[in-house]
Amino acid sequence: MQHWVTDVQEMDEAKREKLAKKSWKIEEYHRGIK
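Going by the UniProt record's numbering, the sequence shown opens with residue 1, and the numbers climb by one from there.
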């Protein structure tokens with residue numbers, strides 16, 4: 001289970017999903033350089 005917290009009132013599920021994909025790519029990148 002994941003929890004997303006934001007103060008962006010305009011955030012809808014599609015925008016959240018797009019940001020989730022970007023944040024996962026950043027996480028994968030960071031794991032790769034460790």
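Glycine residues also receive a C-beta, built at the ideal position from the N, C-alpha and C atoms. Since the model is a prediction, treat every value here as computed from it, not as a measurement.
As assigned by DSSP and simplified to three states, the class of residue i
{"i": "Trp4", "result": "coil"}
{"i": "Glu10", "result": "coil"}
{"i": "Asp34", "result": "What sits at residue 34 in the sequence shown is Lys, not Asp. It is coil, neither helix nor strand."}
Other residues of its chain near residue i: CB distance less than 7 angstroms, five sequence neighbours each side excluded
{"i": "Arg16", "result": "Trp4"}
Closer than 7 angstroms to chain C by CB, residue i
{"i": "Ile33", "result": "Reference to chain C is not applicable here, since this structure consists of a single protein chain."}
Selected residue, minimal CA-CA separation from residue i, among the options
{"i": "Gln2", "options": "Val8, Trp24, Gly32 and Ile33", "result": "Trp24"}
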